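First comes the structure, then the notes that go with it.
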Amino acid sequence: MTNSFLDSISKQLHDANDSLACTIEEQDYSYQSFAAKVAGIQSKVQRTGSMNIGIVTQNSMETYAAIIACWLTGKAYVPINPGYPVERIKDILQTSEISTLFYAQEDEQVNTLQTALGDIGFVETASLYGQECFNTFPAGDKTAYILFTSGTTGRPKGVPITFGNLQSFLDGFDALGYEIDKADRFLQMFELTFDLSIVSFTRPLMDGASFHTLPSGMIKTLALYQVLEENEITMSLMVPSAIGLLMPYMEDIHLPKLRYSQFCGEALKADVLQRWSQCVPNARIDNVYGPTEATIYCTALQANKPMEQQHNGIVGIGAPMKEVEICILDEQNQTIETADQIGELCLHGKQVTAGYLQNEMQNQVAFVNMDRRQFYRTGDLVFKGQDGLLYYVGRKDDQVKIQGYRVELGEIESAASKLAPNNPAVAVGYTQEDGQWHLALFVQDNPVAENEMMQALKKTLPAYMLPKRIYTIDQFPLNQNGKTDRKALRLIAQQNHS
Ligand code: AMP
């Protein structure tokens, strides 16, 4: 099988000219320079023994070129955020059997990693250039990337996505009717450990268009607005939290060049979207939905009239993409056929992963077989409206989204209980008036000082998973069923938020 998305990228790199491929840290790179970099890195990737390559997620052209070099060589990449705690990185490297990490250039974080990961090979890509890249046409069932998401048991779960999964997503993307050409300029605002980044750089490269990342070292809101405006972005994919951040500046935002404005990653509020639509008068606006397990996103709604397509103020998530089949299950695991009845959304089809990496226990929990087909249980509660479209209602479990990042509250609790094994710990997610989510951790009769516990948590959890505050409580409040009253704890966190 040939992978047409790789054929398209490969063609753009062979025809390499001086048109713009990307803008990173405010510097422009042509297809010519991007192709030379991919070719240089590819020869090193080819000589690397393992099938999975770790890539340090630096905001550099080399980082993106390394991903493309892996793909054209038929290898998978695993993004490694150097800011993550070393223990977490070790766990990821071990689970995905990685022996080599590629990085763009040395900095303090890379040096620390080099010291901490003695048995891992490091390859610097800043000095690598080559003549011509080649395409090995990897088989569709080969892994293209592995992303790690928060896990309830305290260990992140590896989600392997194949070239076939990714191809199906990209076919589904095109079937949504976006007309992309060379002149398009894509926003790429995501950390590379987040799969929304992948469509943001892959899709433009297929058509000789460009992608534009946010400069680091700037306040994110400012960086976002600056890139949208100064880089004349025509296609933007953002998490709803991003427009939450832009809210105070809405009156001054005017982006007539934006043709497509997509949102994904968390519930999108209809009133916020209504305001945003005035900033982007010429854009088609879409709310897209999906978990990492089903490759980037897998349902879509054209949402230019958000007030007409919402439930409880949350914009609908529309219809499944081309290669995606859905079913909605009730609590007895029976398929719901009637409109307006809420159940868990389950996904099947060519976009959906075959299962977590080396994690049979999680596979048993997360997948269900129906009519000899395997469905992924999303944990998302939805219903099908009378209009036939899907509406998002909320989560079935304790998963929350922080700035778009998926966080299992159980993972924070598990990290806390390693520090105070005899004292129950409960993590809660709560929102403030501006709609942003925050985390708080409650520990019963905590024997560890709160600031010490916070310091210790920093060693195992990535920054976005750290609670805003740790509370010590003599006795957890109980609800009518005698269970810990999470609602009451959430209220305490909300009231004491500063
Ligand atoms: P991730 O695997 O990080 O992409 O997170 C997937 C989860 O994000 C889903 O299971 C949903 O809970 C949430 N999510 C993604 N997109 C949307 C959306 N458009 N509306 C509501 N929730 C969403």
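For the sequence shown, my numbering begins at 40 and goes up steadily by one. We put the CB at the ideal spot given by N, CA and C, even for glycine. The model shown is predicted, which means the values in this text are computed figures rather than measured ones.
I want to check one thing, is the minimum distance from the CB of GLU370 to the heavy atoms of the ligand AMP below 8 Å?
Here residue 370 corresponds to residue number 331 of the sequence shown, with the count starting at 1. No, Cβ of GLU370 sits at least 8 Å from all heavy atoms of the ligand AMP.
Would a C-beta distance cut-off of 9 Å place MET504 and ILE441 closer than the cut-off?
Indexing the sequence shown from 1 puts residue 504 at position 465. Indexing the sequence shown from 1 puts residue 441 at position 402. In this structure, ILE441 lies closer than 9 Å to MET504 by Cβ.
Where does HIS53 sit, in a helix, a strand or coil, going by DSSP?
One-based indexing of the sequence shown puts residue 53 at position 14. Looking at HIS53 - three-state DSSP - the assignment turns out to be helix.
Hey, VAL238 and LEU276 are a contact pair by Cβ (cut 8 Å); roughly how many whole angstroms apart?
Locating residue 238 in the sequence shown gives position 199, counting from the first residue. Locating residue 276 in the sequence shown gives position 237, counting from the first residue. Between VAL238 and LEU276, the beta carbon gap of about 7 Å places them in contact (Cβ cut-off 8 Å).
Under the three-state DSSP convention, the category VAL404 falls into
Walking along the sequence shown from the start, residue 404 turns up at place 365. DSSP places VAL404 in helix when its eight states are reduced to three.
Please report how far the alpha carbon of VAL125 lies from the alpha carbon of SER453, in whole angstroms.
Looking up residue 125 in the sequence shown gives position 86. Looking up residue 453 in the sequence shown gives position 414. SER453 has its alpha-carbon roughly 18 Å from the corresponding atom of VAL125.
Residue from GLY394, HIS387 and ILE324 with nearest C-alpha to ARG411
For the purposes of this step, residue 411 is taken as the residue at position 372 of the sequence shown. The closest CA to that of ARG411, considering only GLY394, HIS387 and ILE324, is found on HIS387.
Three-way DSSP call (helix, strand, coil) for THR470 in this model
On the sequence shown, position 431 is the one that residue 470 refers to. Reduced to three states, the DSSP call for THR470 is strand.
Cα-Cα separation between ILE282 and ASP419, rounded to whole angstroms
Counting from 1 along the sequence shown, the entry for residue 282 is found at position 243. Counting from 1 along the sequence shown, the entry for residue 419 is found at position 380. Each residue's Cα considered, the two are about 23 Å apart.
Nearest to LYS498 (by Cα), restricted to the options TYR68, TYR123 and PHE481:
Residue numbering aside, residue 498 sits at position 459 when the sequence shown is read from its first letter. Comparing alpha-carbon positions, the option among TYR68, TYR123 and PHE481 lying closest to LYS498 turns out to be TYR123.
Mind reading off the beta-carbon distance from GLY382 to LEU396? Whole number of angstroms is fine, and I expect it under 8 Å.
Translated into the one-based positions of the sequence shown, residue 382 becomes position 343. Translated into the one-based positions of the sequence shown, residue 396 becomes position 357. The Cβ separation is near 28 Å, so there is no contact.
Examine the Cβ distances between the region 72 to 81 and the region 203 to 219 and report whether three or more of them are shorter than 8 Å.
Contact fails: fewer than three Cβ-Cβ distances are below 8 Å.
Counting C-beta neighbours from all protein chains within 10 Å, is the total for LYS457 16 or more, i.e. buried, or is it exposed?
Here the question's residue 457 lines up with position 418 in the sequence shown. Per the 10 Å Cβ criterion, exposed.
When HIS293, GLN413, THR392 and ILE356 are compared against ILE200, the one with the closest alpha-carbon:
For this step, residue 200 is matched to residue 161 along the sequence shown. Residue nearest to ILE200 within the set HIS293, GLN413, THR392 and ILE356 is THR392 (criterion: CA-CA distance).
First and last residue of the uninterrupted alpha helix (DSSP H) at VAL319:
Numbered from its first residue, the sequence shown carries residue 319 at position 280. Note, VAL319: premise wrong, no alpha helix (DSSP H); not H, not E.
Across which residues does DSSP place GLN413 in a beta bridge pair?
Counting from one through the sequence shown, the residue named residue 413 turns up at place 374. According to DSSP, residue pairing for GLN413 in a beta bridge involves ASN408.
Between PHE481 and ALA495, is the Cβ-Cβ spacing less than 9 Å?
Locating residue 481 in the sequence shown gives position 442, where the first residue counts as 1. Locating residue 495 in the sequence shown gives position 456, where the first residue counts as 1. Between PHE481 and ALA495, the CB-CB gap reaches or exceeds 9 Å.
For the alpha helix (DSSP H) holding SER239, just list the boundary residues, first then last.
Mapped onto the sequence shown, residue 239 falls at position 200. Run containing SER239: 235 to 245, per the alpha helix (DSSP H) assignment.
So, is SER255 buried or exposed, given that buried needs 16 or more other C-beta atoms within 10 angstroms?
Position 216 of the sequence shown, counted from the first residue, corresponds to residue 255. Label assigned to SER255: exposed.
Run the proximity test for VAL238: is its beta-carbon closer than 8 Å to any non-hydrogen atom belonging to the ligand AMP?
As a first step, residue 238 must be located in the sequence shown, where it is residue number 199. VAL238 Cβ: outside cutoff for every heavy atom of the ligand AMP.
Just to confirm the assignment, what range does the beta strand (DSSP E) spanning ALA262 have?
For the purposes of this step, residue 262 is identified with residue 223 of the sequence shown, where counting begins at 1. It is not in any beta strand (DSSP E) - ALA262 instead sits in the alpha helix (DSSP H) that spans 259 to 269.
Note the first and the last residue of the continuous alpha helix (DSSP H) segment covering THR151.
Position 112 of the sequence shown, counting from 1, holds the residue named residue 151. First-last of the alpha helix (DSSP H) with THR151: 147 to 155.
For GLN475, I'd like the list of residues in its chain whose CB is within less than 7 Å of its CB, leaving aside the five on either flank, ordered along the chain.
Here residue 475 is taken as the residue at index 436 of the sequence shown, counted from 1. Beyond the five residues adjoining it in sequence on each side, GLN475 comes within less than 7 Å, by CB distance, of SER280 and GLY283 in the same chain, given in chain order.
Under the three-state DSSP convention, the category VAL391 falls into
To locate residue 391, count along the sequence shown from 1; it is residue 352. It is coil, neither helix nor strand.
Note down the Cα distance separating CYS61 from PHE229, rounded to an integer number of angstroms.
Reading the sequence shown from its first residue, position 22 is the one you call residue 61. Reading the sequence shown from its first residue, position 190 is the one you call residue 229. It is roughly 15 Å from the alpha-carbon of CYS61 to the alpha-carbon of PHE229.
Near ALA108, which residues of its chain fall below 6 Å by C-beta distance, leaving aside the five closest residues on each side in sequence?
In the sequence shown, the residue the question calls residue 108 occupies position 69. A distance below 6 Å between beta-carbons, with the five flanking residues on each side excluded, links ALA108 to the following residues of its chain, in chain order: VAL77, ILE80, GLN81 and VAL84.
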